[in-house]
Structures are given as structure tokens and as C-alpha cells.
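Residue numbers (the numbering used here): 254 to 665.
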């Protein structure tokens with residue numbers, strides 16, 4: 254398990270780098286006027302991939318072996334490398350390789366990664382592995398918060414080219430984009446993680462089929478992401494704030510409707526509610542990125558793009574961790590109220606696949622316990638959507654003027 258965690262972390266470094274670099278490359282080679290179209294399409298691809306990945310993983314687990322979830326990345330990675338070498342033509346930064354390596358903010362990167370891990374561990378362990386009052390939980394939380402303070406000092410005082418330039422956080426519109434992206438990431442990935450669990454446990458779907466059930470959610474994401482990107486590119490004056498506020502409201506509404514799902518929910522409400530939430534997620538996906546890129550000086554475009562991706566991904570991690578903690582704690586309490594043997598209760602909490610193998614007389618109560626826990630988990634996305642709405646109030650409300658030089662543009 255330790256080996257898997259280490260190598261998954263290495264893979265995550267590569268995946269996270271690609272995600273940010275793609276958007277940075279687009280900002281380098283595409284004019285501000287056309288950027289929305291391309292970034293909207295990339296956002297759509299990102300949304301589709303977020304579902305296809307888990308779907309393939311489920312299919313491999315069901316029909317071959319879980320190891321193929323990792324093997325498949327070898328040919329896909331090889332194709333990506335070949336395409337990047339032979340087809341990608343981008344400007345080369347000046348300076349030798351050594352000079353470029355010296356400019357990297359190693360200390361800041363290590364501190365922010367360590368601080369984030371220190372915060373995520375207690376969010377996963379609290380109420381499950383350790384009581385919330387445990388010294389382990391308290392110490393890790395303190396280390397995490399203190400680490401972020403140290404990170405701020407490193408970026409302000411030590412870093413030559415900070416990974417998070419402090420002056421960006423002095424601009425309210427930019428901070429609004431960062432925060433909105435953070436909460437959007439929380440909502441998106443918590444739904445992607447727990448919606449399939451509903452279908453696996455409550456509807457008895459396989460891992461593969463439960464992945465397919467996400468299609469309505471991702472359809473909403475793709476439609477809204479591509480449409481918002483196209484609209485921003487074709488309109489001289491466009492309301493980023495209004496788009497993001499609408500998206501956040503749809504996230505809260507869609508999540509609220511999803512909490513109504515139970516053992517007897519029909520196909521129509523399942524599809525419609527996921528589409529509503531997906532449209533909200535997709536509306537925010539590109540507007541925050543285009544807004545952030547359009548209100549900073551050209552020299553800061555790469556930094557603001559990377560930070561926007563960082564806040565979305567870190568929001569995803571925190572969203573799954575926080576919602577997962579809520580789900581696990583509620584499920585534990587619900588299972589304890591059912592008269593089943595302790596070893597069976599442990600198996601039910603550890604693996605959803607056990608539920609549909611239970612004797613018929615206890616399967617119903619266990620499914621009801623899961624439904625209650627899942628409803629609470631989905632309910633957590635409602636305040637996340639509200640916080641996303643409040644954060645979007647601080648975004649700029651006009652499209653930047655379409656000038657050949659991407660310099661800072663005033664917003665209303």
C-alpha cells in the first residue's frame with residue numbers, strides 16, 4: 254500500500270502539471286479574444302475525462318484486474334509525449350536549463366504540499382481512525398495551519414519567483430476567482446465520488462454501470478463549459494460574475510435536489526438533478542479562468558492560471574475528504590443502530606460491494622443506512638454551493654477589452 258501511495262503521488266505530480274500547463278500554453282499562443290473557445294473545449298474534455306477515468310477503472314476492476322487502471326496510462330502517456338514532441342510549437346523561455354531550474358520555488362512548493370497533507374490527514378481520520386479530540390488530529394491541524402502561514406512568509410520574503418505571487422492576493426477580483434474555483438472543485442469531485450456510490454449500493458449497479466450513471470452530470474458540465482467559453486469569446490461585454498453566480502446557484506439547487514434520492518427514486522429525477530448540478534459546475538469552470546487571466550498583467554497570466562488550477566484541485570481533494578468524513582461518520586452511526594454482527598458491520602462500512610451480498614432480511618436496513626449517509630453527504634454540497642455563490646460576488650463583471658497586449662484591464 255505504501256508503494257502504491259508513493260507512485261500514485263508521482264503520477265499526480267505529472268497529471269497536475271499537465272492540467273495547468275495546457276491552460277498556460279493556450280494563454281501563450283491564443284489571443285484573449287479567441288481564448289474562451291479553446292479553453293471551453295478543453296474544459297469539456299476535462300469534464301468528460303473526469304468521468305471516463307473512473308468508468309474505465311470500474312470496468313477493469315469488474316472484468317480484468319485493477320492493475321489495468323495503471324497499465325492503461327502507459328500507452329496514453331506515450332501518445333501524449335509523441336504529440337507534444339512533434340506537434341506542439343511553443344515559444345522557448347530565455348536562459349539555460351540551470352538558470353531555469355534555479356528560478357523554481359522549491360521551498361514554497363514543499364511547504365504548501367506538506368501543509369496540505371497535514372490538513373487532509375485529520376480530515377480523513379477524524380471520527381474514523383481517531384476521535385476528533387485526539388492529539389494526533391489536533392497536532393496535524395495545527396501543523397497544517399501554521400504551515401500555510403510559513404508558506405505565506407516564504408512567498409513574501411524568500412522566493413525569487415514565488416509559486417503564489419503575493420501581489421495577486423491583494424486584488425479582490427483575483428481572490429474571488431481563486432475562491433470560486435476552490436468551492437467549485439469541492440462540489441464537482443464530491444459529486445463525482447459519491448453519486449456512483451449511490452447507484453452501487455442503492456440500485457445494485459456494478460462499478461462499471463455506476464460510472465455510466467454519471468453521464469447526465471458530465472453532459473451538463475460539457476454543455477455549460479463549452480457554451481460559456483464560446484459566449485465569452487463572441488461577446489464584447491460579458492458578465493463573468495453573473496455567469497459564476499448562476500453556476501453556483503445551480504450547484505446548490507442541483508445538490509439539494511439530489512438529496513431527495515432514495516431507494517425508490519426513478520430515472521427521470523436522477524437524470525434531471527445531475528444535469529442541473531453539472532450545468533452549474535460547467536458555467537464556473539471557464540469563467541473563473543478567463544476572468545482571472547483577463548485582469549492581470551501578461552507576466553502574471555501563467556501564475557494566475559496555475560493558481561486557479563491549484564485551487565480547483567485542492568478544492569477537489571478537500572471536498573472529497575470533508576464530505577467523506579461526514580459520510581463515514583453518519584454511516585457508522587446508522588450501521589450501529591442496526592442489529593447485525595460487528596464483523597459484518599465492519600465489512601459493510603469498509604466496502605459497498607458487500608451490501609448487495611447480504612441476506613435479504615438485513616439488506617434493506619443497511620441500504621437505508623447508506624441512503625441516510627449519502628443524503629447527508631449530498632446535503633454538504635448545498636452550503637458549498639452557497640459559499641461558491643458568495644465568492645463569485647467578488648469577481649469582475651465585464652469581459653476585458655480585446656487588445657493585442659494582454660495587460661491589466663479595469664473592471665467595474
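Glycine included, each C-beta is placed from N, C-alpha and C at the ideal position.
TODO: Can you give me the Cβ contacts of residue 297 inside the same chain, cut-off strictly under 6 Å, excluding the 5 residues immediately before and after it?
DONE: As a position in the chain shown, residue 297 is number 44, starting the count at 1. Answer for residue 297: 475, 478 and 479, listed in chain order.
Task: Local conformation of residue 379 per DSSP, three classes - done: Taking the first residue of the chain shown as 1, we reach residue 379 at position 126. It is a strand residue.
Task: residue 549 versus residue 427 - alpha carbon distance - done: The residue you call residue 549 lines up with position 296 of the chain shown. The residue you call residue 427 lines up with position 174 of the chain shown. Their backbone Cα atoms lie some 8 Å apart in a straight line.
Open item on the list: Just to confirm, is the Cβ distance from residue 637 to residue 436 under 7 Å?
Closed with: Your numbering for residue 637 matches position 384 in the chain shown. Your numbering for residue 436 matches position 183 in the chain shown. Yes, Cβ-Cβ distance for residue 637 and residue 436 is below 7 Å.
Task: Helix, strand or coil at residue 457 [DSSP, three-state] - done: Taking the first residue of the chain shown as position 1, residue 457 is located at position 204. Three-state DSSP puts residue 457 in coil, outside helix and strand.
Open item on the list: Quick check: the Cα distance between residue 562 and residue 434, rounded to an integer number of angstroms?
Closed with: By one-based count along the chain shown, residue 562 stands at place 309. By one-based count along the chain shown, residue 434 stands at place 181. Taking the straight line joining both Cα atoms gives about 8 Å.
Task: Alpha-carbon to alpha-carbon, residue 337 and residue 494 - done: The residue you call residue 494 lines up with position 241 of the chain shown. The residue you call residue 337 lines up with position 84 of the chain shown. Residue 494 and residue 337: Cα-Cα distance of roughly 35 Å.
Task: the stretch 567 to 574 in contact with the stretch 361 to 380 per 3-pair CB rule at 8 Å - done: yes
TODO: Over the uninterrupted alpha helix (DSSP H) stretch that includes residue 636, give me the two end residues.
DONE: On the chain shown, position 383 is the one that residue 636 refers to. From DSSP, the alpha helix (DSSP H) with residue 636 extends over 613 to 645.
Task: Beta-carbon spacing of residue 368, residue 348 below 7 Å - done: The residue given as residue 368 occupies position 115 in the chain shown. The residue given as residue 348 occupies position 95 in the chain shown. Not a contact, by the Cβ cut-off of 7 Å.
- [ ] Could you have a look at residue 565 and say whether DSSP puts it in helix, strand or coil?
- [x] Here the question's residue 565 lines up with position 312 in the chain shown. Residue 565: helix per DSSP, three-state reduction.
Task: Cut-off 6 Å between Cβ atoms - residues of its own chain near residue 555, not counting five sequence neighbours on either side - done: For this step, residue 555 is matched to residue 302 along the chain shown. If we look at residue 555 and ignore the five residues flanking it on each side, its Cβ neighbours are 277.
Task: Per-residue burial, residue 578 [other beta carbons within 10 Å of its own, 16 or more giving buried] - done: The residue given as residue 578 occupies position 325 in the chain shown. Residue 578 should be labelled buried.
Task: Contact the stretch 375 to 389 vs the stretch 328 to 344: 3+ CB pairs below 8 Å - done: no
TODO: Output the residue ranges of the alpha helix (DSSP H) runs that lie fully inside the stretch 305 to 346 and measure 4 residues or longer, sorted by chain position.
DONE: 321 to 324 and 326 to 340
- [ ] Starting from the Cα of residue 407, find the closest Cα among 445, 364, 422 and 441 and give me that residue.
- [x] Counting from 1 along the chain shown, the entry for residue 407 is found at position 154. Of the candidates 445, 364, 422 and 441, the one whose C-alpha sits nearest the C-alpha of residue 407 is 364.
Open item on the list: Going by beta-carbon coordinates alone, are residue 686 and residue 642 separated by less than 7 Å?
Closed with: The structure shown has nothing for residue 686, since the chain only spans 254 to 665.
Task: Spatial distance of residue 569 from residue 444 (CA atoms) - done: Translated into positions along the chain shown, residue 569 becomes position 316. Translated into positions along the chain shown, residue 444 becomes position 191. Near 10 Å, if we compare the C-alpha coordinates of residue 444 and residue 569.
- [ ] Report yes if the CB atom of residue 358 is closer than 7 Å to the CB atom of residue 412, and no otherwise.
- [x] Taking the first residue of the chain shown as position 1, residue 358 is located at position 105. Taking the first residue of the chain shown as position 1, residue 412 is located at position 159. The answer is yes: Cβ separation under 7 Å.
Task: Distance cut-off 6 Å: residue 596 Cβ against heavy atoms of the ligand MN - done: For the structure depicted, the ligand MN is absent and the ligand set is empty, with no information on it obtainable.
Open item on the list: Which residue wins for smallest C-alpha separation from residue 536, given the options 346, 441 and 380?
Closed with: Here residue 536 is taken as the residue at index 283 of the chain shown, counted from 1. Comparing Cα-Cα distances from residue 536 to each of 346, 441 and 380, the minimum goes to 441.
- [ ] Within the same chain, show all residues whose beta-carbon is closer than 8 Å to that of residue 666, passing over the 5 residues directly before and after it, in chain order.
- [x] Outside the modelled stretch of the chain, which goes from 254 to 665, sits residue 666, for which no answer is possible.
TODO: Answer yes or no: do residue 679 and residue 500 have a C-beta to C-beta separation smaller than 7 Å?
DONE: With the chain running from 254 to 665 in the structure shown, residue 679 is simply not present.
TODO: Alpha carbon to alpha carbon, how far is residue 524 from residue 471? Give it in angstroms, no decimals.
DONE: Here residue 471 is taken as the residue at index 218 of the chain shown, counted from 1. Here residue 524 is taken as the residue at index 271 of the chain shown, counted from 1. Looking at the two C-alpha atoms, the distance is approximately 11 Å.
Task: Distance between beta carbons of residue 315 and residue 461, contact taken as under 8 Å - done: Residue mapping note: residue 461 aligns to position 208 of the chain shown, counting from 1. Residue mapping note: residue 315 aligns to position 62 of the chain shown, counting from 1. Sure, about 5 Å apart at Cβ, within 8 Å.
Open item on the list: Going by DSSP in three states, residue 477 sits in which element: helix, strand or coil?
Closed with: As a first step, residue 477 is located in the chain shown; it is residue number 224 there, counting from the start. Of the three classes helix, strand and coil, the one that applies to residue 477 here is helix, per DSSP.
TODO: Whole angstroms is fine: what's the gap from residue 595's alpha carbon to residue 589's?
DONE: On the chain shown, position 342 is the one that residue 595 refers to. On the chain shown, position 336 is the one that residue 589 refers to. Using only the alpha carbons, I get a separation of about 9 Å.
- [ ] Give, in chain order, every unbroken run of the alpha helix (DSSP H) that is at least 4 residues long and sits entirely within the stretch 420 to 472.
- [x] 425 to 454 and 460 to 465
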